[in-house]
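Chemist:
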Amino acid sequence: MSVETVAGPALASACDDVREAVDGDSVDGVPPGHVARPASTDETAGLLRTAAELDLAVVARGAGTKLTWGTPPERVDLVLDLSRMDAVLDHAAGDLVAVAQAGCPIDRLQETLAAAGQRLAIDGTLPGTTLGGGIATNSSGPRRMLNGTFRDLMIGTTVVRADGVIAKSGGRVVKNVAGYDLGKLMTGSFGTLGVVTEAVFRLHPLPTASQVLAVDVRDATTAAALVAAVVHSDVVPTAVEVDWPAGVVAVLLEGTEQGVDSRTAATRTLLTGAGASTVDIAEQLPPWWGHHPEGVLLKLTCSLSAVGGLLQEAARQGVAVRGSAGAGVLYGGLPADAEVAAAVTVLRAFCLAAGGSLVVLAAPADVRSTVDVWGPVPALELMRAVKGQFDPHRRLSPGRFVGGI
Amino acid sequence: MSSTHGTTKTAGAVVGPSAPERSGPTGDSPQVRAVRRRVQELLPAKTVITDHARLRTYECDGLAHYRVTPALAVLADSVDDVATTVRICAEERVPFVARGSGTGLSGGALPRADGVLIVMSRMRAIREVSAEDQRAVVEPGVINLDVTKAAAAHGYYYAPDPSSQQICSIGGNVAENSGGAHCLKYGFTSNHVTGAEFVAPDGSVVELGGRALDAPGYDLLGTVIGSEGTLGIATAVTVRLTRTPEHVVTVLAGFPSTDDAGAATSAIIGAGIVPAAIEMMDALAIEAAEAAVHCNYPEGAGAVLVVELDGPEVEVRQEFDQVERLCRDNGAFAFRVANDDVERALIWRGRKSAFAAVGRISPDYIVQDGVIPRTSLPKVLRAIAELSASSAVRVANVFHAGDGNLHPLVLFDDSEEGQGEAAEEISGKILDLCIEAGGSITGEHGVGMDKSAYMPRMFSDADLDTMQMVRCAFDPNNISNPGKIFPTPRLCGEVPGRHKGEHPLAKSGIAEIF
Ligand SMILES: Cc1cc2nc3c(=O)[nH]c(=O)nc-3n(C[C@H](O)[C@H](O)[C@H](O)COP(=O)(O)OP(=O)(O)OC[C@H]3O[C@@H](n4cnc5c(N)ncnc54)[C@H](O)[C@@H]3O)c2cc1C
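Residue numbers (the numbering used here), protein chains in the order written: chain A, 7 to 411; chain B, 133 to 646.
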């Protein structure tokens, strides 16, 4: 009797939607044995208990858009496909709070909220991205500059642990300091600590008007000056993005019609004063907005004052950069056949010196084997200790995270 | 604000003042003696306090009900002082407790009789203010308001503004994830701290987060913020600075009742406005504030709202017109506007004095801190009024209405037989109301010593056990501020079912096919 033969029926007794894996189910090249689609937190818990009994390695999957981020898992026996858990469980509009299941696509949640004039102020970076996937990778888009990320807007979480125990933290109120905030720990943990099945979010009202001011700019010094002029002003931009070396700085203003009009005028003056020759004003976001650059995908962070220098260095290394110049969180792309390792080394040194980091988010396997994906990670021993507590047998996405966690 | 603020009663569970003294070895155990000797050998004499009278200075925080004299205090001047002390404590298995300014209202900084109090208030340097990076790097003893003062010249400020901001420390803020009146719009400490230098409970010094955002790895920084000193000690903090808003308008509106003021609050939020702050006071709280600071709030008001709007001028003016209309639509009979800082201070004076002011109308009081979903305000306020009426215990209500954070002030006279107990009972029942409404047992003041017994009402055993797994990762020997937050400690040794020897499947002969 193989473990597959044992695992199949055991998993099926915990969940009525279990099948054997097919080619498309591979996680970053690693084929799983089974795929289960639990319908509830309880079913997820049952599956994880079964997995614990049989020592199956488990990877949770939302829309599957970021499974190639980070490093591939050492082994996968079971893919937990959360696509059946896609409900918006509650939208308490009067409290500006929503509760949703992890498999719910961000866009779907937004549609529900928009009906009541509200939104979760987080951008879905890739089409179909689910809440769970966004939380696990701490993905963010342009609006993070003003509103923060999942770690800032998630106020409660339900997690199923590796041993199948269900644990909640936080709650349904925005202001709450009772107990540890496990949601923060889960955010960006790449599924290595537990499976998030439900989350509670703080919401914002939808703005009634928005404008984008875009400036074509050739040199990085001017680009940095444009960014600084807006960032250090009181026009309260929702986002300040760059697209480089394409040569664009773009500012998103959101609010009321009158307010956005007056801030658009003020922002135009700031940009002109900082060296913009022409400022394009549109209601539409530019086509590149919020899209990652092509190719090997890097995430680069640095202090705000270093963004100009980073653009320069990236261009020198042949790396295209897009992202939040206003938050100092940018994404780089370069062709897989380029000198990836050399570019990573140079740019990582730059980012580290500027108080930030460089992570190789996605790359073909042969490229990935030539680079250090995560770079230096301080406090790694504490992180290992946390992993050791939550998943002592290393069954949740083993090897997907920093330091081989 | 005076530097000593003491509420005389526990806000939550009745645990009794001697609880922390009961457990563990006394101040003179061999371990404590060893720590004392070793610390004295390694640190300058002025840093180590052993004199009982001086140690008593630190016997309580803002919740004066609990008092414990520490075995030893270290007045740290540097990260090395902290790391050395913690390392020795770890080696000798002696508990330590960090203390900032001691303004905490949940007994978080309550010392251990069998442990070391590490006082952070001498570490007061603002190491750097970088407007261009929107960051400041400060030592943990730095007073909250001093960060804003240092940043103001650059057009920046530090957004989290607890009412105690003139005296509380950034280290204490980090430990409590403190917020203030303005966190409705701007969030809490966790949204404004990007990095910390941190002494883990084994004495090692690590960097958490950084100057830039999204440091790779687990968000240990976010986990440490709000952990009430139970995961280690912050020795330097990198904070985010926020642009000073272009325009600020503060209004005071008088309503016939809290129901009307609550309806106005809902209407404002419902209109898509996110004010910087919405604060409410009821008639009894207004009475107290009038007696204390003559704030001259509208006569006959059953409730007042203080609403502050900030941001770009055009939007603030628009929102102001809406707020005025929504207040009047919901029964406001008085509406005052402050357009400059002097007028603004006048309006805020009544609100900010509220805690201390109830001292004018009652000899003793409990400051409670609980949270409810904002839409439950009318229901919960009515229930509090009923509790008060049925028990003859007066309750004054002051709260952050925008985010449903209640601060009921439960009034009593301790010289009257039974009043203290009655007040504690009402105070506890208010927390039950918060939990029933789907809220929280604390929005600002933390669990500390005071509310640990309430944690099981809000969280299941599994929830608490999971939180303590984090604690075990950081502090397996349970020496960093033990006895706070969690009603019962978890034994960290017991890693469930760790495989020993052969894997069960391998044993049954099926694993090799696998
Ligand atoms: C009048 C008054 C009004 C208040 N208003 C508010 C308010 O509006 N909002 C609010 O949130 N709170 C408020 N508080 C509560 C209190 O001021 C805050 O909790 C504050 O953050 C505590 O800071 P502190 O420096 O006094 O810390 P302490 O009371 O000294 O310590 C608090 C906790 O922090 C830990 N700690 C201290 N320093 C460190 C460090 N460097 N590293 C790790 N742990 C550390 C301690 O061990 C303890 O658990 C108020 C208190 C008073 C007296």
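Virtual Cβ for every residue (Gly too), placed ideally from N, Cα, C.
Quick one: which chain A residues come within Cβ less than 9 Å of I302(B)?
Modeler: In chain order: nothing, as chain A lies at least about 16 Å away.
Chemist: With a floor of 3 residues, list each beta strand (DSSP E) that falls wholly inside the stretch 220 to 252 of chain A, ordered by position along the chain.
Modeler: 245 to 250
Chemist: I want to see whether chain B comes within less than 7 Å of A391(A), judged by CB atoms only; does it?
Modeler: yes
Chemist: Check whether chain A comes within 7 Å of A585(B), counting only Cβ atoms and requiring the distance to be less than that.
Modeler: With its beta carbon at least 7 Å from every one in chain A, A585(B) lies outside the interface.
Chemist: Apart from the five residues on each side of it in sequence, which residues of its chain come closer than 7 Å, Cβ to Cβ, to R301(A)?
Modeler: Here residue 301(A) turns out to be Gly, not Arg, going by the sequence shown. Same-chain partners within the cutoff: G339, L340, P341, A342.
Chemist: May I ask you to check if the CB of N613(B) is nearer than 6 Å to at least one heavy atom of ligand 1?
Modeler: yes
Chemist: At a CB distance below 7 Å, what residues from the stretch 558 to 592 of chain B approach chain A? Give them in sequence order.
Modeler: G570, G571, S572, I573, T574, G575, E576, G578, V579, M587, M590, F591
Chemist: How would you call Q297(B), buried or exposed, if buried means at least 16 neighbouring beta carbons within 10 angstroms?
Modeler: buried
Chemist: Report the residue from E440(B), G394(B), R343(B), V371(B) whose alpha carbon sits nearest the alpha carbon of D101(A).
Modeler: G394(B)
Chemist: Ignore the nearest five residues each way along the sequence and tell me which others in G156(B)'s own chain have a CB closer than 6 Å to its CB.
Modeler: In this prediction, G156(B) scores a pLDDT of 42, lower than 50, which makes its location untrustworthy; the coordinate-derived value is nonetheless stated afterwards. Only D246 meet the Cβ criterion.
Chemist: State yes or no: is the C-beta of G39(A) within less than 7 Å of the C-beta of D83(A)?
Modeler: yes
Chemist: Going by C-alpha to C-alpha distance, which of L316(A), L62(A), A66(A) sits closest to P44(A)?
Modeler: A66(A)
Chemist: Of the residues Q107(A), Q290(A), S363(A), which one's Cα is nearest the Cα of V165(A)?
Modeler: Q107(A)
Chemist: Could you name the residues of the stretch 173 to 198 of chain A whose beta carbon sits closer than 8 Å to any beta carbon of chain B, in the order they occur along the chain?
Modeler: Listed by position along the chain: A173, K174, S175, G177, R178, V179, V180, K181, N182, V183, A184, G185, Y186, D187, L188, K190, L191, T193, G194, S195.
Chemist: Does any heavy atom of ligand 1 sit closer than 6 Å to the C-beta of T179(B)?
Modeler: no
Chemist: For M601(B) and E264(B), what's the separation of their Cα atoms in angstroms?
Modeler: Cα to Cα, the separation comes out at about 39 Å.
Chemist: State the Cα-Cα distance for the pair Q251(A) and Q318(A), rounded to the nearest angstrom.
Modeler: Here residue 251(A) is Pro; the residue named in the question, Gln, does not match the sequence. The alpha-carbon atoms of P251(A) and Q318(A) are separated by roughly 9 Å.
Chemist: With 16 as the cutoff for other CB atoms within 10 Å, does G176(A) come out buried or exposed?
Modeler: G176(A) should be labelled buried.
Chemist: Are there 16 or more other CB atoms within 10 angstroms of the CB of T397(B), so buried, or fewer, so exposed?
Modeler: buried
Chemist: Taking 7 Å as the CB-CB cut-off, is Y350(B) touching chain A?
Modeler: yes
Chemist: Near V469(B), which residues of its chain fall below 6 Å by C-beta distance, leaving aside the five closest residues on each side in sequence?
Modeler: Closer than 6 Å at the Cβ level, and outside the excluded window around V469(B), lie V383.
Chemist: By the 10 Å Cβ neighbour count, where 16 or more other Cβ atoms means buried, how is N471(B) classified, buried or exposed?
Modeler: exposed
Chemist: Return no unless some Cβ of chain B is closer than 7 Å to the Cβ of V379(A).
Modeler: no
Chemist: State the Cα-Cα distance for the pair C221(B) and V248(B), rounded to the nearest angstrom.
Modeler: 8 Å
Chemist: Measure from the C-beta of E309(A) to each C-beta in chain B and report whether the shortest distance is under 7 Å.
Modeler: Note that residue 309(A) corresponds to Ser in the displayed sequence, not to Glu. It does: the Cβ of S309(A) has a partner Cβ on chain B nearer than 7 Å.
Chemist: Can you find a CB in chain A that lies within less than 7 Å of the CB of R483(B)?
Modeler: no
Chemist: For T382(B), which three-state DSSP category applies?
Modeler: strand
Chemist: Alpha carbon to alpha carbon, how far is G319(B) from G341(B)?
Modeler: Their backbone Cα atoms lie some 18 Å apart in a straight line.
Chemist: For P111(A), which beta-bridge partners are listed by DSSP?
Modeler: As DSSP reads the structure, P111(A) sits in a beta bridge with T136(A).
Chemist: Give me the chain A residues within the contact set of F606(B), using Cβ-Cβ distance strictly less than 9 Å, ordered along the chain.
Modeler: L388, A391, V392
Chemist: Within this structure, are the beta carbons of Q323(A) and A349(A) separated by less than 7 Å?
Modeler: yes
Chemist: What separation, rounded to the nearest whole angstrom, lies between the Cα atoms of A291(B) and V94(A)?
Modeler: 32 Å
Chemist: Please report how far the alpha carbon of G647(B) lies from the alpha carbon of A517(B), in whole angstroms.
Modeler: Because chain B here runs from 133 to 646, residue 647(B) falls outside it and cannot be looked at.
Chemist: Return yes when the Cβ of T135(A) is within less than 7 Å of the Cβ of I411(A), no when it is not.
Modeler: Taking 7 Å as the cut-off, the Cβ atoms of I411(A) and T135(A) do not count as close.
Chemist: Would you mind reading off the limits of the alpha helix (DSSP H) that contains D473(B)?
Modeler: Per DSSP, D473(B) belongs to the alpha helix (DSSP H) from 473 to 484.
Chemist: Starting from R157(A), find everything on chain B with Cβ-Cβ shorter than 7 Å and list it in chain order.
Modeler: D351, G354
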